[in-house]
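Heads up: the structure comes next, in structure tokens.
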Amino acid sequence: VQLQASGGGLVQAGESLRLSCAASRSIVSSDYMAWYRQAPGKQRELVASVTSGGSPNYVDSVKGRFTISKDSAKSTVYLQMNSLKPEDTAVYYCNLVDRVNFRNYWGQGTQVTVSS
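Whatever position you read off the sequence shown (first residue = 1), add 1 for our numbering.
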């Protein structure tokens, strides 16, 4: 499975971005989808995740600002990021866990830079 992430860029604090992650195969109900991020000098952290039929989960620092969603018809997962802060600056990675075949897939990362 290939994941193609896009939508990153340079924005000012308070602005919004929407990240997209297109999968090369259909997203099925057993898939776990997530967005991670990694800032310079820091470990990669889980930002948001979603499974079919389950409530999305968010790291505390983005709750109320970020929304993860998926469009199964387009095999795409989104991360809507509002009210961006400089501390949101990082490379964002999408992740797909195929829980049937025990496979873990990563996108190539997209840079998000928020200026103050």
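Think of the CB as a built atom: it goes at the ideal place given N, C-alpha and C, for glycine as much as any other residue.
(message) Using CA atoms only, rank isn't needed, just tell me which of Gln44, Leu85, Leu4 is closest to Arg26.
(response) Leu4
(message) Which of the three DSSP states is assigned to Lys86 in this structure?
(response) Coil, per DSSP.
(request) Following the continuous beta strand (DSSP E) through Lys64, name the residue where it begins and the one where it ends. (result) Note, Lys64: premise wrong, no beta strand (DSSP E); not H, not E.
(request) Report yes if the C-beta distance between Ala40 and Ser50 is below 8 angstroms; otherwise report no. (result) The answer is no: Cβ separation not under 8 angstroms.
(request) Under 8 angstroms by Cβ, that's how I've got Val12 and Tyr106 pegged, so tell me the actual separation to the nearest angstrom. (result) With a Cβ gap of about 27 angstroms, Val12 and Tyr106 do not count as contacting.
(request) Give the C-beta separation of Thr111 and Ala6 to the nearest angstrom, bearing in mind that I take them to be a contact with Cβ-Cβ under 8 angstroms. (result) 4 angstroms
(request) Using a threshold of 8 angstroms, state whether the C-beta atoms of Gly9 and Val98 are closer than that. (result) no
(request) Go ahead and pull the three-state DSSP assignment for Ala74. (result) helix
(request) Would you kindly work out how many angstroms separate the C-alpha atoms of Arg45 and Lys64, rounded to a whole number? (result) 18 angstroms
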